[in-house]
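Numbering (numbering that gives the first Met the number 0), first residue to last: 0 to 360.
A quick write-up on the structure given underneath.
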Amino acid sequence: MTEKLRAGIVGGTGMVGQRFIALLENHPWFQVTAIAASANSAGKTYEESVKGRWKLSTPMPESVKQIPVQDASRVEEVAAGVDLIFCAVDMKKNEIQALEEAYAKAGVPVISNNSAHRWTPDVPMVVPEINPEHLEVIAAQRKRLGTETGFIAVKPNCSIQSYVPMLNALRGFKPTQVVASTYQAISGAGKTFTDWPDMLDNVIPYIGGEEEKSEQEPLRIWGTVEDGQIVKASAPHITTQCIRVPVTDGHLATVFVSFENKPSKEDILESWKNYKGRPQELELPSAPKQFITYFEEDNRPQTNLDRDIENGMGISAGRLREDSLYDFKFVGLSHNTLRGAAGGAVLIAELLKAEGYITKR
């Protein structure tokens, strides 16, 4: 690529927005040229707008410090300077839906980290290694919105990345029942320990709305495209519990699964080792070379040791063994703000660009 695509970050002052800023520094395909947030931040430089609120351990990139923050609600002004936007805003669901559709109608591809459009029938919710074929519904969505270039694509909930990739690699054996418990980092709530001292030495056995998402969103990812809409799958049956634990980053899952055609342990390990998706075929910049890494050690994967595997974009698994009630059980791990949030959205954008859905405006 001789000229980078111009990327805007809507919601750029929050934790996920900051992740987008950091990930896009020196990206080979995209360059941040616009940052938008609430009216309270508008008019300040990006450095001024997040002063004292930069949550990442890496420093703020010099390239964005002097970018003036725009009012995210002034859609036409923001849209004029970008080829695509990444959206990570903290607003009510109906407000997010309206804002993202306004950007799409203005001709801008929107890659969303928000949950508002995950169940809109013609909006693809994508894990690039799992369901890239769902991008086909963009044509129907564009027709509905009355735009030739704009659209919305979303990434799924961060917690499901810690177990759905392993299950997807085994779909040939037809999983029928899944029990998953997720142990989720505080950054999933946009918090650090400084922000949330109550999480020190503590576990909270409830995350609002998370269990419904964890049970239903995999079925949409495994759904089929029919008449310009995504129809969710009917199986497997999934039940979950989602728990907040005192770690900074990384969602860990314990999983029990039964199959219609029970595989051997060797079959499972071979399926995980060899699993590749469209990002690996296309050698996308953010794609992990090894999507699923299995650890033989009994005490792995560990959140602190393994969340950053493949630059935080790989999935880890371990402790695969037969179970007395279900066929097998295992442990999974993913980085919630990289693979599960901003990094996953950047990978979606790379796939969309590689497949011709995003071009220079």
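We treat Cβ as the ideally placed atom computed from N, Cα and C, and that holds for glycine.
Predicted model, so just to flag it, every value in this text is computed and none were measured.
Exercise. Going straight from the alpha carbon of Ser333 to that of Gly16, what length do you get?
Worked result: Numbered from its first residue, the sequence shown carries residue 333 at position 334. Numbered from its first residue, the sequence shown carries residue 16 at position 17. Each residue's alpha carbon lies about 19 angstroms from the other.
Exercise. Looking at C-beta atoms only, is the number of pairs between the region 235 to 245 and the region 169 to 181 that lie closer than 8 angstroms three or more?
Worked result: yes
Exercise. According to DSSP, what are the bridge partners of Ile95?
Worked result: Position 96 of the sequence shown, counted from the start, is the residue given in the question as residue 95. DSSP lists no partner for Ile95.
For this session: Indicate, with yes or no, if the ligand SAH has a heavy atom lying under 6 angstroms from the CB of Phe255.
Result: With respect to the ligand SAH, the structure shown offers nothing to examine, as it has no ligands at all.
For this session: Give the range of the beta strand (DSSP E) segment to which Asp70 is assigned.
Result: Taking the first residue of the sequence shown as position 1, residue 70 is located at position 71. Here the beta strand (DSSP E) through Asp70 covers 68 to 70.
For this session: Tell me whether Val136 is buried or exposed, calling it buried when 16 or more other Cβ atoms sit within 10 Å of its Cβ.
Result: Mapped onto the sequence shown, residue 136 falls at position 137. Val136 comes out buried.
Problem set entry | Own chain residues within Cβ distance below 6 angstroms of Phe85, not counting five before or after | Within the sequence shown, numbered from 1, the residue matching residue 85 stands at position 86. Result list for Phe85: Ile8, Phe19, Ile110, Ala344, in chain order.
Exercise. Residues in its own chain within less than 7 angstroms of Asp121 by CB, not counting five upstream and five downstream?
Worked result: Counting from one through the sequence shown, the residue named residue 121 turns up at place 122. Hits under 7 angstroms: Val136, Ala139, Gln140, Arg143, Gly227, Gln228.
Exercise. Excluding the five sequence neighbours on either side, which residues of its own chain have a C-beta within less than 6 angstroms of the C-beta of Leu251, listed in chain order?
Worked result: Along the sequence shown, read from residue 1 onward, the residue named residue 251 stands at position 252. Excluding sequence neighbours, Leu251 sits near Tyr182, Thr302, Leu332.
For this session: Note down, one range per segment and in chain order, each beta strand (DSSP E) of at least 3 residues found wholly within the region 235 to 307.
Result: 236 to 243, 250 to 258, 291 to 294
Exercise. In terms of residue numbering, what span does the beta strand (DSSP E) encompassing Gln176 cover?
Worked result: Walking along the sequence shown from the start, residue 176 turns up at place 177. Per DSSP, the continuous beta strand (DSSP E) segment holding Gln176 begins and ends at 174 to 183.
Problem set entry | 8 angstroms contact criterion, which Glu76 and Gln65 should meet: CB distance rounded | Counting from one through the sequence shown, the residue named residue 76 turns up at place 77. Counting from one through the sequence shown, the residue named residue 65 turns up at place 66. In fact, because the Cβ distance is near 18 angstroms, the residues do not count as touching under 8 angstroms.
Problem set entry | Contained beta strand (DSSP E) runs [length at least 3] in the region 304 to 349, N- to C-terminal order | 314 to 321, 327 to 333
For this session: Inspect the CB distances between the region 92 to 105 and the region 194 to 206 and report whether three or more fall short of 8 angstroms.
Result: no
Problem set entry | Exposure label - Val351; buried when at least 16 CB within 10 Å | Locating residue 351 in the sequence shown gives position 352, where the first residue counts as 1. For the record, residue 351 in the displayed sequence is Leu; it is not Val. With 16 or more other Cβ atoms within 10 Å, it is buried.
Exercise. Going by Cα to Cα distance, which pick from Glu265, Ser315, Leu83, Thr191 is closest to Leu4?
Worked result: Your numbering for residue 4 matches position 5 in the sequence shown. Measuring from the Cα of Leu4, the nearest candidate turns out to be Leu83.
Problem set entry | Check whether Ala286 and Val246 have beta carbons under 7 angstroms apart | As a working note, residue 286 is residue 287 in the sequence shown. As a working note, residue 246 is residue 247 in the sequence shown. No, Cβ-Cβ distance for Ala286 and Val246 is not below 7 angstroms.
Problem set entry | Secondary structure of Gly187, DSSP reduced to three states | The sequence position of residue 187 within the sequence shown is 188, counting from 1. It is helical.
Exercise. Where does Glu361 land, buried or exposed, given buried means 16+ other C-beta within 10 angstroms?
Worked result: Missing from the structure shown is residue 361; the chain here goes from 0 to 360 and no further.
For this session: Could you have a look at Ile151 and say whether DSSP puts it in helix, strand or coil?
Result: For this step, residue 151 is matched to residue 152 along the sequence shown. Strand, per DSSP.
Exercise. Does DSSP classify Gln160 as helix, strand or coil?
Worked result: Your numbering for residue 160 matches position 161 in the sequence shown. Helix.
For this session: Figure out for me which residue from Met14, Lys190, Ala6 has the closest Cα to the Cα of Pro27.
Result: In the sequence shown, counting from the first residue as 1, residue 27 sits at position 28. The candidate whose alpha carbon is nearest that of Pro27 is Ala6.
Problem set entry | Pro108: first and last residue of the uninterrupted beta strand (DSSP E) it sits in | Working through the sequence shown from its first residue, we reach residue 108 at position 109. For Pro108, the enclosing beta strand (DSSP E) starts and ends at 108 to 111.
Exercise. If you run the structure through DSSP and keep just helix, strand and coil, what is Gln17?
Worked result: Position 18 of the sequence shown, counting from 1, holds the residue named residue 17. In the structure shown, Gln17 sits in a helix (DSSP, three-state: H, G or I).
Exercise. Are there 16 or more other CB atoms within 10 angstroms of the CB of Lys288, so buried, or fewer, so exposed?
Worked result: The sequence position of residue 288 within the sequence shown is 289, counting from 1. Lys288 is exposed by the Cβ-count criterion.
Exercise. Cα-Cα, which of Ile267, Val63, Arg52, Lys43 is closest to Ala168?
Worked result: Position 169 of the sequence shown, counted from the start, is the residue given in the question as residue 168. Comparing Cα positions, the closest option is Ile267.
Problem set entry | Simplified DSSP assignment, three categories, for Glu90 | Start at 1 with the first residue of the sequence shown, and residue 90 comes out as number 91. According to the sequence as given, residue 90 is Met; it is not Glu. Met90: coil per DSSP, three-state reduction.
Exercise. What are the boundary residues of the alpha helix (DSSP H) that includes Ile137?
Worked result: Counted from its first residue, the sequence shown places residue 137 at position 138. Where Ile137 is concerned, the enclosing alpha helix (DSSP H) stretches over 137 to 144.
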